[in-house]
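Below is one structure, written out as structure tokens; the observations come after it.
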Amino acid sequence: LSLQESLLLKSLGLSTKPSPKTPVPVPSVLWRIFQNRKTSPSTNKGLEDACRVEEFNVPGNIIRVFADQGHFVHNRQPQALLCLQKRLYFNLSVLEEGEHLTMAQLEIKFSHNSYHASGQGRVFELRLYQTSQMSLRGMPSRESSRTLLVEQSFAQLHKSLLFNLSGVAKDWRTYSKNLGLILEISVDGGDGASATGGLQSLCASIDSFLDTSLLVVTLSQQQCRASRRRR
Amino acid sequence: RSADSPPVTPSNLCKPRRLYISFSDVGWENWIIAPQGYMANYCLGECPFPLTAELNSTNHAILQTMVHSLDPQGTPQPCCVPVRLSPISILYYDNNDNVVLRHYEDMVVDECGC
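Okay, here's the thing in structure tokens:
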């Protein structure tokens, strides 16, 4: 029976029977897609439909949500306006050889109940860098070792921010090329708030920072062989 | 025609039968999030001579039934097998505790044939 089980698991793309240790809640987007498919099964549709994720309009038959394994960066001398600095790391080495990555979307989630009155109307600056070179702990990271990917201002924290990282994530399949990202959130100190203790309370509203995850869509070429269009 | 073979009634003919597979029965309930089980079905029934169009027979099966009718001891009847299957989507935790939604082909028997 165990031989049969392992053969079936292998055909399902699993090396062994998973035994989740700290199961995370199911992301709402996955749950929604699952429910959509359940109510409209693709029995009468072709292979093309089974190999396409309509919700994102991309080819694919596998959707994974990777939890962030990075950690907060604690500087000895915090910069005045920098509220948060965090390394983001997603382990994409689980993707199989025959899988083609067609989409990667980063979600930065903020909780709903942390809307601080003090932060109302304030503008926060979000910067996302791709790390191209590791620096030793305690050593300042050189600007040349990171590339700015995203720069965005936002005023409210009680929402999710989504970023398309498809191009970047394709390189992360190679373990040695995956040095992760650096996320920085700072406050706009335009009115001199940084000079006062007000800055700390503004940054405190960033405590609402919950978690980040990476949604990855892949196409298993074993199940979805690319068909060539007749000319 | 073999004298001792029982008469074939429509209910004995090759066709899909209902089978609900519960993931807890196979001990997979702790990593499969949804569905908890699904109607997988299976094929069962006879493929008697002469094979009719409803039995989705292959040319090979037609010839095998002919040979079987001539020599029941030497050649068995063709088998009743799935000829059309459909996929299902499974939501589960993988070996790294990531949540995965994957489309799996050939999980449900829709049609059987000889």
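As they're listed, the protein sequences go chains A and B.
The working numbering applies: residue 6 is where the first sequence begins, and numbers increase by one.
The working numbering applies: residue 10 is where the second sequence begins, and numbers increase by one.
For glycine and all other residues, C-beta sits at the position ideal for the given N, C-alpha and C.
Quick caveat: nothing in here was measured; it's all calculated off a predicted structure.
Could you check what DSSP says for R42 (chain A) in three-state terms: helix, strand or coil? As a working note, residue 42 (chain A) is residue 37 in the first sequence. Correct three-state label for R42 (chain A): helix.
Count the other C-beta atoms from every protein chain shown that fall within 10 angstroms of the C-beta of V128 (chain A), then say buried if there are 16 or more, exposed otherwise. What you label residue 128 (chain A) is simply residue 123 of the first sequence in a count that begins at 1. By the neighbour-count rule (16 or more Cβ atoms within 10 Å), V128 (chain A) is not buried but exposed.
Does the distance from the CB of I68 (chain A) to the CB of V192 (chain A) come in under 9 Å? Within the first sequence, residue 68 (chain A) is the residue found at index 63, counting from 1. Within the first sequence, residue 192 (chain A) is the residue found at index 187, counting from 1. Going by C-beta atoms, I68 (chain A) is not nearer than 9 Å to V192 (chain A).
DSSP on V109 (chain B), reduced to helix/strand/coil? For this step, residue 109 (chain B) is matched to residue 100 along the second sequence. If DSSP states are grouped into helix, strand and coil, V109 (chain B) belongs with the strands.
With G46 (chain B) as the anchor, note down where its alpha helix (DSSP H) starts and where it stops. Within the second sequence, the letter at position 37 stands for residue 46 (chain B). Run containing G46 (chain B): none in the alpha helix (DSSP H); it sits in the beta strand (DSSP E), G46 to M48.
Hey, is Y120 (chain A)'s beta-carbon within less than 9 Å of any beta-carbon in chain B? Position 115 of the first sequence, counted from the first residue, corresponds to residue 120 (chain A). For Y120 (chain A), the pLDDT reaches just 49, beneath the cut-off of 50, and the residue's location in the model is therefore unreliable, leaving the point undetermined.
Tell me the DSSP bridge mates of C52 (chain B)? Taking the second sequence and counting its residues from 1, the one referred to as residue 52 (chain B) is at position 43. DSSP lists B:P25 as partners of C52 (chain B).
Run down chain B in chain order and give the residues with a C-beta less than 9 Å from the C-beta of R132 (chain A). For this step, residue 132 (chain A) is matched to residue 127 along the first sequence. Simply none; closest approach about 26 Å.
Within its chain, find whatever has a CB closer than 8 Å to the CB of Q226 (chain A); leave out the 5 residues flanking it on each side and keep chain order. As a working mapping, residue 226 (chain A) is identified with position 221 in the first sequence. Excluding sequence neighbours, Q226 (chain A) sits near G103, E104 and H105.
Do you know offhand how far V92 (chain B)'s Cα is from K22 (chain A)'s? Start at 1 with the first residue of the second sequence, and residue 92 (chain B) comes out as number 83. Start at 1 with the first residue of the first sequence, and residue 22 (chain A) comes out as number 17. Straight-line Cα distance between these residues: approximately 29 Å.
D103 (chain B) by DSSP, collapsed to three states: which one? The residue given as residue 103 (chain B) occupies position 94 in the second sequence. Three-state DSSP puts D103 (chain B) in coil, outside helix and strand.
Could you name the residues of the segment 21 to 37 of chain A whose beta carbon sits closer than 8 Å to any beta carbon of chain B, in the order they occur along the chain? T21, K22, P23, S24, P25, K26, T27, P28, V29, V31, P32, L35 and W36
Spatial neighbours of F32 (chain B) within its chain, please: CB distance less than 7 Å, with the 5 preceding and 5 following residues excluded, ordered by chain position. Within the second sequence, numbered from 1, the residue matching residue 32 (chain B) stands at position 23. For F32 (chain B), where only same-chain residues beyond five positions count, the Cβ hits under 7 Å are E38, I41, Q45 and G46.
Tell me the DSSP bridge mates of P19 (chain B)? If you number the second sequence from 1, residue 19 (chain B) lands on position 10. DSSP output for P19 (chain B) lists no bridge partner at all.
Would you tell me roughly how many angstroms separate the C-alpha atoms of S199 (chain A) and A160 (chain A), rounded to the nearest one? The residue given as residue 199 (chain A) occupies position 194 in the first sequence. The residue given as residue 160 (chain A) occupies position 155 in the first sequence. Reliability of the predicted coordinates at S199 (chain A) is poor, the pLDDT of 49 falling under 50, and no value is obtained from them.
Range of the contiguous beta strand (DSSP E) that encloses S165 (chain A): Here residue 165 (chain A) refers to the residue found at position 160 of the first sequence. Segment S165 to N169, the beta strand (DSSP E) holding S165 (chain A).
Along the alpha helix (DSSP H) that carries E10 (chain A), what are the first and last residues, could you check? By one-based count along the first sequence, residue 10 (chain A) stands at place 5. Taken as a continuous stretch (DSSP letters only), the alpha helix (DSSP H) holding E10 (chain A) covers S7 to S16.
With DSSP run on the structure shown, which of helix, strand or coil describes Y134 (chain A)? As a first step, residue 134 (chain A) must be located in the first sequence, where it is residue number 129. Reduced to three states, the DSSP call for Y134 (chain A) is strand.
Going by DSSP in three states, T74 (chain B) sits in which element: helix, strand or coil? Here residue 74 (chain B) refers to the residue found at position 65 when the second sequence is read from its first residue. It is helical.
Helix, strand or coil for K114 (chain A)? Go by DSSP, reduced to three states. Along the first sequence, read from residue 1 onward, the residue named residue 114 (chain A) stands at position 109. Here K114 (chain A) sits in strand by DSSP.
What three-state label does DSSP hand S98 (chain A) in the structure shown? Counted from its first residue, the first sequence places residue 98 (chain A) at position 93. Reduced to three states, the DSSP call for S98 (chain A) is helix.
Using a C-beta to C-beta distance shorter than 8 Å, which residues of chain A count as neighbours of N104 (chain B)? In the second sequence, counting from the first residue as 1, residue 104 (chain B) sits at position 95. By Cβ distance, chain A contributes L19, S20, T21, P23 and V99.
By DSSP, does E59 (chain A) sit in helix, in strand, or in coil? Here residue 59 (chain A) corresponds to residue number 54 of the first sequence, with the count starting at 1. Coil, per DSSP.
Let's see if you can read the secondary structure: which residues bound the beta strand (DSSP E) around F159 (chain A)? Numbered from its first residue, the first sequence carries residue 159 (chain A) at position 154. Where F159 (chain A) is concerned, the enclosing beta strand (DSSP E) stretches over R151 to F159.
Below 8 Å on the Cβ atoms is my contact criterion, and I expect D106 (chain B) with P25 (chain A) to pass it. Report the Cβ-Cβ distance as a whole number of Å. Within the second sequence, the letter at position 97 stands for residue 106 (chain B). Within the first sequence, the letter at position 20 stands for residue 25 (chain A). The C-beta separation of D106 (chain B) from P25 (chain A) comes to about 5 Å, placing the pair in contact by the 8 Å criterion.
May I ask you to verify whether the segment 63 to 70 of chain B touches the segment 31 to 42 of chain A, counting CB pairs closer than 8 Å and requiring at least 3? No, the segment 63 to 70 of chain B does not touch the segment 31 to 42 of chain A.
By the 10 Å Cβ neighbour count, where 16 or more other Cβ atoms means buried, how is L153 (chain A) classified, buried or exposed? The residue you call residue 153 (chain A) lines up with position 148 of the first sequence. L153 (chain A) counts as exposed, since fewer than 16 other beta carbons sit within 10 angstroms of its beta carbon.
On the CB-based measure, 16 or more other CB atoms within 10 Å of its CB, does Q74 (chain A) come out buried or exposed? As a first step, residue 74 (chain A) must be located in the first sequence, where it is residue number 69. Label assigned to Q74 (chain A): exposed.
Would you mind sorting Y29 (chain B) into buried or exposed? The rule is 16 or more other CB atoms within 10 Å of its CB. The sequence position of residue 29 (chain B) within the second sequence is 20, counting from 1. The residue is exposed, with fewer than 16 neighbouring Cβ atoms inside 10 Å.
Which of the three DSSP states is assigned to L79 (chain B) in this structure? Working through the second sequence from its first residue, we reach residue 79 (chain B) at position 70. It is helical.
Close beta carbons around L87 (chain A), own chain, < 7 Å, minus the five adjacent residues each side: Counting from one through the first sequence, the residue named residue 87 (chain A) turns up at place 82. The answer, listed in chain order, is E189 and S191.
For chain B, find out if any of its Cβ atoms is closer than 9 Å to the Cβ of E10 (chain A); answer yes or no. If you number the first sequence from 1, residue 10 (chain A) lands on position 5. Taking Cβ atoms only, chain B reaches closer than 9 Å to E10 (chain A), which makes this a yes.
Leaving out five residues before and five after N49 (chain A) in sequence, what residues of the same chain have Cβ atoms less than 8 Å from its Cβ? In the first sequence, residue 49 (chain A) corresponds to position 44, counting from 1. Interpretation of N49 (chain A) is limited by its pLDDT of 49, a score under 50 that renders its predicted location unreliable; the figure taken from the coordinates is listed afterwards. Cβ neighbours of N49 (chain A) beyond the five flanking positions: none.
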